[in-house]
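Asks: In the order they appear, the protein sequences are chains A and B.
For the first sequence, our numbering gives the first residue as 527, with consecutive numbering after it.
For the second sequence, our numbering gives the first residue as 346, with consecutive numbering after it.
Glycine included, each C-beta is placed from N, C-alpha and C at the ideal position.
From a predicted model like this one, the values you see are computed outputs, not experimental measurements.
Below you will find the structure I want to go over with you.
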Amino acid sequence: MAVVEEMPVESTPTWAERIPAGYWALGMILLVMPGIAGDFVLYQIFGWTFILGIISLSLMFLGGYGGMVSLAQMTVAGVGGYMVAIFGVSAIDTISLGWPWYISIPLALVIAALFATLTGWLAVRTEGIYTIMITLAISAAFFFFTRQNYVIFNGFSGFNGVLPPFLFGIDWRGPIAFYYLTLFWAVVCFLAVLYLSRAPFGLALQGVRDNPRRMAALGYNVTAHRIAAYTFAGVLAAIGGILLTWQSAQISPGTASIGAAIDILVIAVIGGLRHPIGPFIGAFIYVLLKTFAIDALTSVGLAGERFQLLIGIGFLIIVFFSPDGILGLWEKVRAARNRDPLIDRGGERP
Amino acid sequence: MSAFAQRHPIWTAIIVVLAAALLWMIFALWPLWLVDLIGRKKIFLNALFNGITLGGLYFLVASGFTLIFGLMRNVNLAHGSLYLLGGYIGYEVANLTGYWLIAFPVAFLLVGAFGVLLQFVVFRRMEGQDLRQTLVTIGISIVLADLMLWVWGGDFYQVLTPSWLSGPLETILVTGVKRSSGDLIYLKYPMVRIVIFLAAVVIGVGIWLLLNRTRIGMLVRAGVDDRDMLTATGVNIQLVFAGVFAFGAGLAGLAGVVGGTFQALAPGEDVRFLLYSLIVVIVGGMGSIPGAAIGALLIGLADQFGSVYFPTYAVVLTFLIMVVVLAFRPQGLMGRA
């Protein structure tokens, strides 16, 4: 019996229809934000959120899709920032080479990617928790090295006066211009990770995360996939690092300190390692806390310096109750709401 | 030993020659060309001794770390905080009572008790989830660091050395000849460092004996090899876990007092010692006490010789050792593959 298959009435959705409505709304709000928010909010809150989000996104890519939690992402970002300061223009003109931006920025990205690849090459020799330890050791070594090296990294004080290039007659450190600059790169990195997670490479990487042995048996080069993931994440982190350097117009060892590296991990974990939007959520919360916690704490009668305590306790609570961060919490709430009270009364499904 | 010599005759020869050269450099009077080449013998000997004693301190910190890791697969990134906490406790106790020696048991017990608390309240709930445990320890270290900053502020603290330990000890090693009279000059070395190093050796040998010659040690070693099987034989594994965690944390606290005596206590020291214990156990091999000893000695020596002979890059030297070990022996020098 021949059954004529019914043609689907609707054609396949166009690319515009495949994007959920929430994203459209978020995109619109972000685009018109400069009309609503003041300079401080644009530059400090959103600019910083996007930058930290990008760096955490690189960690989310490694951790979420590759299963490798690296604490060296802030270090890679630091390498990117330092390279821009060294090859480009800064106030320390005895060291800075003063090359034009179209050479210094690509060079910085390449060197940061190389550094990330080397880090990856070392780190993938180990697995799981070992990776955290080795990347932590690498980031600490970089911190101490830059603090003591005056020939290249200018030691404790680092570089100041590192400004974005004056392109198209726009001062890119102006609040609105910087907002759009960081927004642009955040969206680019977000889409790149989203795309890559569904591309063959990303799928293979997720396979490697779930079962490296089987992937090796299938003929995939497990080590190469992992190292390539480090390289890609390194490029993301370097973009974030360069933007971070421009935002504060300086880079010093403190930028890539161990505390900063751990902050990046905290951001990624608070947001959630499941989806690339997580790091941005985490970064937003972190920046809000960091900016306003001092006021909030002093109003309750505590000293404002106890900010770290707040962050640490918040981090502990998140790790305790929702290993997948805010995103995981959100999914739990949604699952609880959609549950049919007659069918399942809590507990695990069979 | 002889089996090794038979299998690797060339390596054995190289090791023997190096050891002989080292011994000669320690005991002989240096000829002028050697002094011209690498500086005075006193500097060399001081770097050597400082490296060895620093290695002793690193060993104290790292042995607890590696013990906890070996049994529980728990990378305790709050270990540096436990070290600093122990140091502060030791400082307070030594200041209150006036007895330096009391600081050690008190710091050991208090920090060990804190470790048990951590094990029962936190880590027991997430057994087998390595990554989550590690993340929790990061959170704990952030909180602890800020709490300690709150209580003790950002100042430097030093645990006071008792009078019978302060001052130098004249050793039998010759560093040079007095030009005026022709008398031999002997090396003077701080008494407290020698005592602390000897204590570290005693503790290290003690841990080794405990692990290899007692019933408790047998349980711990069995737990390292196969946790499930040990549980199946009727051993209360939670008790073993708690005991090892307490002991490891207590060692960190003890090391804190030691570190507070011959270095200083300040915020940031927690991260520094965490980093060094990480490197030590990566170099020495995870979960191995002899490995921790070798790694600590190596890193301590590299640190001191580095800071004497190429001051800017001392940190990089220790790091390079780690990279080389990882590249050629990822499981660490004494680690099991």
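Listed from N- to C-terminal order along the chain, which residues in the stretch 648-673 of chain A have their beta-carbon within a distance smaller than 7 Å of any beta-carbon of chain B?
Replies: Going along the stretch 648-673 of chain A in chain order, one finds 648, 651, 652, 654, 655, 658, 659, 660, 662, 663, 666, 667, 670 and 671 with a Cβ nearer than 7 Å to chain B.
Asks: What residues in its chain sit with their C-beta under 7 Å from that of residue 757 of chain B, if we drop five residues either side in the sequence?
Replies: Here chain B covers residues 346 to 682 and nothing more, so residue 757 of chain B does not appear.
Asks: Got a sec: is the Cβ-Cβ distance from residue 604 of chain A to anything in chain B below 8 Å?
Replies: no
Asks: Name the chain A residues that come within less than 9 Å of residue 500 of chain B, Cβ to Cβ?
Replies: Within chain A, no residue comes near residue 500 of chain B; the closest Cβ sits about 15 Å away, beyond 9 Å.
Asks: Mind checking residue 547 of chain A: buried by the 16 CB within 10 Å criterion, or exposed?
Replies: exposed
Asks: Is residue 732 of chain A close to chain B, meaning its C-beta is less than 8 Å from at least one C-beta of that chain?
Replies: no
Asks: Can you pull the DSSP bridge partners for residue 572 of chain A?
Replies: Paired residue(s): none; residue 572 of chain A is not in a bridge.
Asks: Would you verify that the beta carbon of residue 728 of chain A is, or is not, closer than 8 Å to some beta carbon of chain B?
Replies: Residue-level contact check: residue 728 of chain A does not touch chain B, since none of the beta carbons of chain B fall below 8 Å from its beta carbon.
Asks: Using a Cβ-Cβ distance cut-off of 8 Å, determine whether residue 509 of chain B contacts chain A.
Replies: With 8 Å as the cut-off, residue 509 of chain B does not count as an interface residue toward chain A.
Asks: For residue 861 of chain A, count neighbouring Cβ atoms within 10 angstroms of its own Cβ and tell me buried if that reaches 16, exposed if not.
Replies: exposed
Asks: Taking a contact to mean a Cβ-Cβ separation below 8 Å, would you say residue 687 of chain A touches residue 774 of chain A in this structure?
Replies: no
Asks: Closer than 8 Å, CB to CB, is residue 574 of chain B near chain A or not?
Replies: No, because no Cβ of chain A sits closer than 8 Å to the Cβ of residue 574 of chain B.
Asks: Could you give the C-beta distance for residue 504 of chain B and residue 606 of chain B, rounded to a whole number, given that I count them as a contact under 8 Å?
Replies: 5 Å
Asks: Quick one: complete alpha helix (DSSP H) runs, 4+ long, within the stretch 428-488 of chain B?
Replies: 445-466
Asks: Would you identify the three-state DSSP class for residue 694 of chain A, choosing helix, strand or coil?
Replies: The answer is coil: DSSP assigns residue 694 of chain A none of H, G, I, E or B.
Asks: Quick check: the stretch 576-594 of chain A against the stretch 788-798 of chain A, are at least 3 beta-carbon pairs closer than 8 Å?
Replies: yes
Asks: So that I know if they touch, is there some Cβ in chain B lying closer than 8 Å to that of residue 811 of chain A?
Replies: Residue 811 of chain A does not count as touching chain B.
Asks: Could you give the first and the last residue of the continuous alpha helix (DSSP H) run that contains residue 772 of chain A?
Replies: 748-774
Asks: Taking all protein chains shown into account, do 16 or more other C-beta atoms lie within 10 angstroms of the C-beta of residue 574 of chain B, making it buried, or fewer, making it exposed?
Replies: exposed
Asks: Using a Cβ-Cβ cutoff of less than 6 Å, which residues in the same chain neighbour residue 812 of chain A once the five nearest sequence positions on both sides are dropped?
Replies: 793
Asks: Relative to the C-alpha of residue 591 of chain A, which candidate in A:731, A:614 and A:621 has its C-alpha closest?
Replies: A:731
Asks: Is the beta carbon of residue 650 of chain A sitting closer than 8 Å to the one on residue 739 of chain A?
Replies: no
Asks: Report, in whole angstroms, the separation of the C-beta atoms of residue 455 of chain B and residue 485 of chain B, which I expect to be a contact under 8 Å.
Replies: Actually they are not in contact, since the Cβ atoms of residue 455 of chain B and residue 485 of chain B sit about 16 Å apart, beyond 8 Å.
Asks: Excluding the five sequence neighbours on either side, which residues of its own chain have a C-beta within less than 7 Å of the C-beta of residue 589 of chain A, listed in chain order?
Replies: 595, 794 and 799
Asks: From B:430, B:506 and B:404, pick the residue whose C-alpha is nearest to that of residue 330 of chain B; which is it?
Replies: Residue 330 of chain B is absent from the model: chain B starts at 346 and stops at 682.
Asks: Spell out whether any CB of chain A is found under 8 Å from the CB atom of residue 357 of chain B.
Replies: No, residue 357 of chain B does not count as interfacial toward chain A.
Asks: Between the alpha carbons of residue 636 of chain A and residue 574 of chain A, how many angstroms are there, rounded?
Replies: 24 Å
Asks: Between residue 580 of chain B and residue 416 of chain B, what straight-line distance do the alpha-carbon atoms span, to the nearest angstrom?
Replies: 14 Å
Asks: Can you name, in chain order, every residue of its own chain whose Cβ lies under 8 Å from the Cβ of residue 388 of chain B, other than the five neighbours on each side?
Replies: 653
Asks: Below 7 Å CB to CB, which residues in the same chain sit around residue 625 of chain A once its five sequence neighbours on both sides are set aside?
Replies: 613 and 614
Asks: Tell me which residues share the same chain as residue 572 of chain B and place their Cβ nearer than 6 Å to its Cβ, disregarding the 5 neighbours each side in the sequence.
Replies: none
Asks: Given this structure, state the Cα-to-Cα distance separating residue 507 of chain A from residue 362 of chain B, to the nearest angstrom.
Replies: Here chain A covers residues 527 to 876 and nothing more, so residue 507 of chain A does not appear.
Asks: Give the DSSP-derived three-state secondary structure of residue 643 of chain B in the structure shown.
Replies: Under the three-state reduction of DSSP output, residue 643 of chain B falls in the helix class.
Asks: Measure the CB-CB distance between residue 663 of chain A and residue 667 of chain B and report whether it falls below 8 Å.
Replies: yes
Asks: Does any residue of chain B bring its CB to less than 8 Å from the CB of residue 761 of chain A?
Replies: no
Asks: Within 10 angstroms of the Cβ of residue 657 of chain A, are there 16 or more other Cβ atoms? Answer buried if so, exposed if not.
Replies: buried
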